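Start counting at 1 in the sequence shown, then tack on 279, and there's your number in the numbering used here. Where is the CB? At the ideal position from N, CA and C, for every residue including glycine. Source: prediction; values computed, not measured. Everything on this sheet refers to the single structure shown next.
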Amino acid sequence: MDAYKLIKGTSAYKVFSGDKARGTLSHAYLIESEDPETLELYAKIFAKTLMCESRGGCCNACRTCRLIDKKELIDVRFYPADGDKITVKDVDELVAKSGIKPVEADKKLFVLLNAQDMTPQAQNKLLKTLEEPPANTYIILAASSLNGLLNTVLSRVKTLTIPPFSDELLSAAFADEYSKEDISRALRTAAGRAGEVLKELSGERSDAEDVAYQILTELNSSKEAYIYAAKINKEIALKTVTAVKKLLLSSLKYLETGKGGDEKAAKVSGLMSKNAMLFVLNGIGNIEKAIYFNGNVNAVADKLCFLTLEGKHKWQK
280 MDAYKLIKGT
290 SAYKVFSGDK
300 ARGTLSHAYL
310 IESEDPETLE
320 LYAKIFAKTL
330 MCESRGGCCN
340 ACRTCRLIDK
350 KELIDVRFYP
360 ADGDKITVKD
370 VDELVAKSGI
380 KPVEADKKLF
390 VLLNAQDMTP
400 QAQNKLLKTL
410 EEPPANTYII
420 LAASSLNGLL
430 NTVLSRVKTL
440 TIPPFSDELL
450 SAAFADEYSK
460 EDISRALRTA
470 AGRAGEVLKE
480 LSGERSDAED
490 VAYQILTELN
500 SSKEAYIYAA
510 KINKEIALKT
520 VTAVKKLLLS
530 SLKYLETGKG
540 GDEKAAKVSG
550 LMSKNAMLFV
560 LNGIGNIEKA
570 IYFNGNVNAV
580 ADKLCFLTLE
590 GKHKWQK
(Lines of atoms letter the chains of each structure in order from A and count residues from 1; the text may use other names and numbers.)
(Lines give C-alpha, C1' and ligand atoms only; values in the text may rest on other atoms or scores of the structure.)
Protein backbone atom coordinates (compact mmCIF):
# COMPACT_ATOMS: atom_id res chain seq x y z
CA MET A 1 0.00 0.00 0.00
CA ASP A 2 1.29 3.44 -0.93
CA ALA A 3 0.35 5.31 2.26
CA TYR A 4 2.11 8.49 1.17
CA LYS A 5 -0.11 8.64 -1.93
CA LEU A 6 -3.11 8.63 0.40
CA ILE A 7 -1.82 11.07 2.98
CA LYS A 8 -0.26 13.77 0.82
CA GLY A 9 -3.59 15.05 -0.46
CA THR A 10 -5.24 15.47 2.93
CA SER A 11 -5.63 18.88 4.53
CA ALA A 12 -3.90 17.48 7.63
CA TYR A 13 -0.74 16.71 5.69
CA LYS A 14 -0.87 19.94 3.71
CA VAL A 15 -1.02 21.94 6.94
CA PHE A 16 1.86 19.98 8.47
CA SER A 17 4.13 20.08 5.42
CA GLY A 18 3.25 23.75 4.94
CA ASP A 19 4.28 24.49 8.51
CA LYS A 20 7.61 22.81 7.81
CA ALA A 21 8.17 24.68 4.54
CA ARG A 22 7.44 28.03 6.19
CA GLY A 23 9.53 27.25 9.25
CA THR A 24 6.47 27.60 11.51
CA LEU A 25 6.27 24.08 12.94
CA SER A 26 4.38 23.76 16.21
CA HIS A 27 6.21 21.97 18.99
CA ALA A 28 3.46 19.34 19.37
CA TYR A 29 0.95 17.81 16.96
CA LEU A 30 -1.87 15.31 17.42
CA ILE A 31 -2.54 13.19 14.35
CA GLU A 32 -6.04 11.72 14.59
CA SER A 33 -7.25 8.88 12.36
CA GLU A 34 -10.18 6.52 12.90
CA ASP A 35 -8.12 3.82 11.19
CA PRO A 36 -6.16 2.15 14.03
CA GLU A 37 -4.70 -0.51 11.73
CA THR A 38 -2.66 2.05 9.78
CA LEU A 39 -2.18 4.70 12.46
CA GLU A 40 1.50 3.88 12.96
CA LEU A 41 2.11 4.00 9.22
CA TYR A 42 0.57 7.47 9.02
CA ALA A 43 2.57 8.65 12.03
CA LYS A 44 5.79 7.55 10.33
CA ILE A 45 4.93 9.66 7.27
CA PHE A 46 4.56 12.76 9.43
CA ALA A 47 7.79 11.86 11.26
CA LYS A 48 9.67 11.49 7.97
CA THR A 49 8.24 14.77 6.73
CA LEU A 50 9.49 16.57 9.82
CA MET A 51 12.97 15.03 9.78
CA CYS A 52 13.67 14.66 6.03
CA GLU A 53 15.80 17.36 4.40
CA SER A 54 13.34 17.69 1.52
CA ARG A 55 11.54 21.01 1.71
CA GLY A 56 7.89 20.62 2.74
CA GLY A 57 7.32 16.91 2.13
CA CYS A 58 9.49 13.83 2.47
CA CYS A 59 11.47 11.94 -0.15
CA ASN A 60 10.73 8.45 1.23
CA ALA A 61 14.14 7.33 -0.04
CA CYS A 62 16.94 8.98 1.94
CA ARG A 63 18.74 7.40 4.89
CA THR A 64 16.63 9.40 7.34
CA CYS A 65 13.34 8.21 5.85
CA ARG A 66 14.50 4.59 5.65
CA LEU A 67 15.65 4.55 9.28
CA ILE A 68 12.39 6.10 10.50
CA ASP A 69 10.46 3.37 8.68
CA LYS A 70 12.45 0.84 10.73
CA LYS A 71 12.26 2.94 13.93
CA GLU A 72 16.04 3.10 14.00
CA LEU A 73 16.86 6.80 13.59
CA ILE A 74 18.59 7.83 16.80
CA ASP A 75 16.93 11.26 16.95
CA VAL A 76 13.40 9.85 16.57
CA ARG A 77 11.99 7.86 19.47
CA PHE A 78 8.74 5.86 19.29
CA TYR A 79 6.56 5.03 22.30
CA PRO A 80 5.39 2.80 23.88
CA ALA A 81 8.85 1.30 24.30
CA ASP A 82 7.35 -2.01 25.43
CA GLY A 83 3.84 -3.40 25.37
CA ASP A 84 0.86 -1.72 23.72
CA LYS A 85 0.17 1.21 26.06
CA ILE A 86 2.25 4.28 26.92
CA THR A 87 3.12 4.25 30.61
CA VAL A 88 4.42 6.75 33.16
CA LYS A 89 7.82 5.10 32.71
CA ASP A 90 7.72 5.92 28.99
CA VAL A 91 6.87 9.56 29.70
CA ASP A 92 9.62 9.81 32.31
CA GLU A 93 12.10 8.57 29.72
CA LEU A 94 10.75 10.99 27.10
CA VAL A 95 11.12 13.94 29.48
CA ALA A 96 14.67 12.91 30.36
CA LYS A 97 15.72 12.38 26.73
CA SER A 98 14.11 15.64 25.60
CA GLY A 99 16.85 17.53 27.42
CA ILE A 100 19.61 15.82 25.41
CA LYS A 101 20.76 17.48 22.18
CA PRO A 102 20.13 15.76 18.84
CA VAL A 103 22.89 13.40 17.73
CA GLU A 104 22.67 13.40 13.92
CA ALA A 105 19.99 15.88 12.92
CA ASP A 106 19.30 19.47 13.92
CA LYS A 107 16.17 18.43 15.83
CA LYS A 108 14.71 15.47 17.67
CA LEU A 109 11.27 13.95 17.63
CA PHE A 110 9.18 11.83 19.98
CA VAL A 111 6.26 9.86 18.50
CA LEU A 112 3.56 8.57 20.88
CA LEU A 113 1.47 5.85 19.23
CA ASN A 114 -2.08 5.03 20.34
CA ALA A 115 -2.04 8.13 22.51
CA GLN A 116 -5.73 7.64 23.33
CA ASP A 117 -4.73 4.69 25.53
CA MET A 118 -2.35 6.66 27.76
CA THR A 119 -3.30 6.64 31.42
CA PRO A 120 -4.31 10.00 32.94
CA GLN A 121 -1.17 9.81 35.09
CA ALA A 122 1.06 9.49 32.02
CA GLN A 123 -0.76 12.34 30.28
CA ASN A 124 -0.39 14.63 33.27
CA LYS A 125 3.35 13.92 33.42
CA LEU A 126 3.62 14.93 29.77
CA LEU A 127 1.89 18.29 30.13
CA LYS A 128 4.87 20.48 31.00
CA THR A 129 6.99 19.08 28.15
CA LEU A 130 4.09 19.54 25.72
CA GLU A 131 3.75 23.17 26.75
CA GLU A 132 7.44 24.09 27.02
CA PRO A 133 9.63 21.54 25.19
CA PRO A 134 13.38 22.11 24.89
CA ALA A 135 14.60 23.89 21.76
CA ASN A 136 14.46 21.85 18.53
CA THR A 137 12.34 19.16 20.20
CA TYR A 138 9.03 18.06 18.68
CA ILE A 139 6.31 15.67 19.79
CA ILE A 140 3.76 13.85 17.62
CA LEU A 141 0.86 12.07 19.26
CA ALA A 142 -1.03 9.60 17.07
CA ALA A 143 -4.53 8.61 18.18
CA SER A 144 -7.48 6.73 16.72
CA SER A 145 -9.87 8.86 18.80
CA LEU A 146 -9.88 11.95 20.96
CA ASN A 147 -11.75 9.98 23.61
CA GLY A 148 -9.37 9.17 26.44
CA LEU A 149 -7.21 12.25 25.94
CA LEU A 150 -7.37 14.92 28.63
CA ASN A 151 -8.53 18.40 27.65
CA THR A 152 -5.29 19.75 29.11
CA VAL A 153 -3.38 17.63 26.58
CA LEU A 154 -5.64 18.62 23.67
CA SER A 155 -5.16 22.30 24.47
CA ARG A 156 -1.39 21.97 24.13
CA VAL A 157 -1.23 20.29 20.72
CA LYS A 158 -2.17 21.19 17.16
CA THR A 159 -4.75 18.60 16.11
CA LEU A 160 -4.76 17.37 12.52
CA THR A 161 -7.47 14.91 11.48
CA ILE A 162 -7.07 12.38 8.68
CA PRO A 163 -10.57 11.74 7.31
CA PRO A 164 -11.83 8.55 5.62
CA PHE A 165 -10.58 8.24 2.06
CA SER A 166 -12.60 8.02 -1.13
CA ASP A 167 -12.80 4.71 -2.98
CA GLU A 168 -10.83 6.28 -5.81
CA LEU A 169 -7.89 7.19 -3.57
CA LEU A 170 -7.91 3.81 -1.85
CA SER A 171 -7.98 2.03 -5.21
CA ALA A 172 -4.96 4.02 -6.38
CA ALA A 173 -3.05 3.27 -3.18
CA PHE A 174 -3.44 -0.49 -3.64
CA ALA A 175 -3.34 -0.64 -7.45
CA ASP A 176 0.29 -1.74 -7.70
CA GLU A 177 -0.21 -4.78 -5.47
CA TYR A 178 -3.74 -6.10 -6.08
CA SER A 179 -6.20 -6.58 -8.94
CA LYS A 180 -9.09 -4.21 -9.58
CA GLU A 181 -11.56 -6.97 -8.77
CA ASP A 182 -10.01 -7.72 -5.38
CA ILE A 183 -9.79 -4.02 -4.49
CA SER A 184 -13.40 -3.44 -5.50
CA ARG A 185 -14.50 -6.29 -3.24
CA ALA A 186 -12.45 -5.00 -0.33
CA LEU A 187 -13.88 -1.48 -0.66
CA ARG A 188 -17.45 -2.61 -0.04
CA THR A 189 -17.10 -2.61 3.74
CA ALA A 190 -13.99 -0.45 4.18
CA ALA A 191 -15.85 2.76 5.12
CA GLY A 192 -12.90 4.78 3.79
CA ARG A 193 -10.30 3.03 5.97
CA ALA A 194 -7.13 1.76 4.35
CA GLY A 195 -6.58 -0.68 7.21
CA GLU A 196 -9.90 -2.38 6.51
CA VAL A 197 -9.01 -2.71 2.84
CA LEU A 198 -5.66 -4.19 3.76
CA LYS A 199 -7.24 -6.74 6.11
CA GLU A 200 -9.73 -7.79 3.46
CA LEU A 201 -7.08 -8.10 0.74
CA SER A 202 -4.71 -10.05 2.96
CA GLY A 203 -7.46 -12.47 3.94
CA GLU A 204 -7.23 -11.49 7.63
CA ARG A 205 -10.32 -12.10 9.74
CA SER A 206 -10.43 -11.10 13.36
CA ASP A 207 -12.31 -12.71 16.22
CA ALA A 208 -13.73 -9.27 16.94
CA GLU A 209 -15.48 -9.09 13.56
CA ASP A 210 -16.97 -12.54 14.02
CA VAL A 211 -18.27 -11.70 17.49
CA ALA A 212 -19.69 -8.39 16.30
CA TYR A 213 -21.59 -10.13 13.50
CA GLN A 214 -22.94 -12.76 15.90
CA ILE A 215 -24.13 -10.12 18.37
CA LEU A 216 -26.04 -8.24 15.68
CA THR A 217 -27.57 -11.28 14.00
CA GLU A 218 -27.97 -13.98 16.68
CA LEU A 219 -28.47 -12.20 20.02
CA ASN A 220 -32.13 -12.34 21.07
CA SER A 221 -32.36 -12.86 24.84
CA SER A 222 -30.80 -11.80 28.15
CA LYS A 223 -29.40 -15.29 28.63
CA GLU A 224 -27.69 -15.13 25.24
CA ALA A 225 -26.34 -11.64 26.07
CA TYR A 226 -24.15 -13.07 28.82
CA ILE A 227 -22.95 -15.83 26.50
CA TYR A 228 -21.84 -13.40 23.80
CA ALA A 229 -20.39 -10.94 26.32
CA ALA A 230 -18.14 -13.73 27.59
CA LYS A 231 -16.56 -13.92 24.11
CA ILE A 232 -15.27 -10.33 24.40
CA ASN A 233 -11.94 -10.33 26.19
CA LYS A 234 -9.53 -7.46 26.82
CA GLU A 235 -7.61 -8.05 23.58
CA ILE A 236 -10.64 -7.66 21.30
CA ALA A 237 -12.93 -5.36 23.32
CA LEU A 238 -12.27 -2.15 21.39
CA LYS A 239 -12.05 -3.97 18.07
CA THR A 240 -15.43 -5.60 18.71
CA VAL A 241 -17.09 -2.26 19.45
CA THR A 242 -15.50 -0.78 16.33
CA ALA A 243 -16.61 -3.78 14.26
CA VAL A 244 -20.20 -3.42 15.51
CA LYS A 245 -20.20 0.27 14.58
CA LYS A 246 -18.72 -0.39 11.15
CA LEU A 247 -21.18 -3.16 10.37
CA LEU A 248 -24.15 -1.07 11.50
CA LEU A 249 -23.10 1.84 9.29
CA SER A 250 -22.69 -0.49 6.34
CA SER A 251 -26.07 -2.09 7.09
CA LEU A 252 -27.81 1.29 7.29
CA LYS A 253 -26.43 2.20 3.89
CA TYR A 254 -27.58 -1.12 2.49
CA LEU A 255 -31.02 -0.69 4.07
CA GLU A 256 -31.49 2.72 2.47
CA THR A 257 -29.90 2.14 -0.94
CA GLY A 258 -29.54 -1.60 -1.42
CA LYS A 259 -25.84 -0.95 -2.01
CA GLY A 260 -22.63 -0.44 -0.08
CA GLY A 261 -22.39 -3.70 1.82
CA ASP A 262 -21.79 -7.43 1.54
CA GLU A 263 -23.93 -10.37 2.62
CA LYS A 264 -23.33 -9.53 6.29
CA ALA A 265 -24.74 -6.03 5.88
CA ALA A 266 -27.68 -7.46 3.98
CA LYS A 267 -28.46 -9.91 6.78
CA VAL A 268 -28.19 -7.31 9.56
CA SER A 269 -30.44 -4.91 7.66
CA GLY A 270 -32.95 -7.73 7.27
CA LEU A 271 -33.00 -8.44 11.00
CA MET A 272 -32.75 -4.97 12.56
CA SER A 273 -34.86 -1.91 11.85
CA LYS A 274 -33.32 1.46 11.05
CA ASN A 275 -34.31 2.82 14.47
CA ALA A 276 -32.78 -0.17 16.22
CA MET A 277 -29.47 0.32 14.42
CA LEU A 278 -29.45 4.06 15.16
CA PHE A 279 -30.22 3.35 18.81
CA VAL A 280 -27.17 1.09 19.13
CA LEU A 281 -24.93 3.52 17.25
CA ASN A 282 -25.98 6.38 19.54
CA GLY A 283 -25.04 4.34 22.59
CA ILE A 284 -21.69 3.08 21.34
CA GLY A 285 -19.93 6.38 22.06
CA ASN A 286 -20.29 5.89 25.81
CA ILE A 287 -19.00 2.33 25.52
CA GLU A 288 -15.91 3.53 23.66
CA LYS A 289 -15.25 6.11 26.36
CA ALA A 290 -15.50 3.39 29.03
CA ILE A 291 -12.84 1.35 27.23
CA TYR A 292 -10.52 4.33 26.75
CA PHE A 293 -10.77 5.21 30.42
CA ASN A 294 -9.82 1.69 31.50
CA GLY A 295 -13.39 0.54 32.05
CA ASN A 296 -13.96 -2.98 33.29
CA VAL A 297 -13.96 -5.19 30.19
CA ASN A 298 -16.70 -7.46 31.51
CA ALA A 299 -18.93 -4.48 32.19
CA VAL A 300 -18.20 -3.03 28.76
CA ALA A 301 -19.01 -6.34 27.06
CA ASP A 302 -22.28 -6.66 28.98
CA LYS A 303 -23.23 -3.09 28.11
CA LEU A 304 -22.61 -3.64 24.38
CA CYS A 305 -24.71 -6.82 24.31
CA PHE A 306 -27.60 -5.42 26.35
CA LEU A 307 -27.56 -2.18 24.34
CA THR A 308 -27.97 -4.22 21.16
CA LEU A 309 -30.67 -6.36 22.75
CA GLU A 310 -32.58 -3.29 23.92
CA GLY A 311 -32.45 -1.75 20.46
CA LYS A 312 -33.74 -4.94 18.86
CA HIS A 313 -36.66 -5.27 21.31
CA LYS A 314 -37.55 -1.59 21.40
CA TRP A 315 -37.77 -1.30 17.62
CA GLN A 316 -38.57 -4.78 16.35
CA LYS A 317 -38.27 -5.35 12.62
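- A residue is called buried when at least 16 other Cβ atoms come within 10 angstroms of its Cβ; residue 465 meets this threshold and is buried.
- Distance between residue 552 and residue 544, taken at the CA atoms: about 12 Å.
- Note that the region 502 to 514 does not touch the region 446 to 457; fewer than 3 beta-carbon pairs, one per stretch, sit closer than 8 Å.
- Spanning the alpha carbons of residue 585 and residue 565 requires a straight line of approximately 13 Å.
- Burial check for residue 472: the Cβ neighbour count within 10 Å reaches 16 or more, so the residue is buried.
- Using a Cβ distance threshold of 8 Å, residue 362 and residue 413 do not count as a contacting pair.
- Assigned with DSSP and collapsed to three states, residue 357 falls in strand.
- Restricting attention to 563, 418, 516, 554, the CA atom closest to the CA of residue 534 is found in 554.
- In chain order, 494, 495, 498, 559 place their CB closer than 7 Å to the CB of residue 587, counting only its own chain and leaving out the 5 sequence neighbours on each side.
- Residue 457 carries a coil assignment under DSSP once its states are collapsed to helix, strand and coil.
- Of the residues assessed, residue 500 falls on the exposed side of the cut-off, its CB having fewer than 16 other CB atoms within 10 angstroms.
- Between residue 401 and residue 370, the C-beta spacing is below 8 Å.
- DSSP places residue 388 inside the beta strand (DSSP E), whose first and last residues are 387 to 391.
- Under the three-pair Cβ rule at 8 Å, the region 343 to 358 does not count as touching the region 306 to 316.
- Annotation: residue 295 to residue 549 spans about 45 Å, alpha carbon to alpha carbon.
- The beta carbon of residue 582 sits closer than 6 Å to those of 566, all from its chain and outside the five residues before and after it, given in chain order.
- With fewer than 16 other Cβ atoms from the protein chains shown falling within 10 Å of its own Cβ, residue 290 counts as exposed.
- Counting along the chain, no alpha helix (DSSP H) covers residue 307; the unbroken beta strand (DSSP E) around it starts and ends at 307 to 312.
- Taking 4 residues as the minimum length, the alpha helix (DSSP H) runs contained wholly in the region 362 to 441 are 367 to 377, 399 to 410, 430 to 433, in order along the chain.
- Residue 575 and residue 429 have their C-alpha atoms spaced approximately 20 Å apart.
- Residue 476 counts as buried, since no fewer than 16 other beta carbons sit within 10 angstroms of its beta carbon.
- As summarised for the region 540 to 592, there are no continuous beta strand (DSSP E) elements at least 3 residues long confined to that stretch.
- Two segments are said to touch when three or more pairs of C-beta atoms, one from each, lie closer than 8 Å; by this definition the region 340 to 351 does not touch the region 420 to 437.
- Residue 360 is a Cβ neighbour of residue 372, given a cutoff of 8 Å.
- If you look at residue 479, you'll find it in the alpha helix (DSSP H) that goes 473 to 481.
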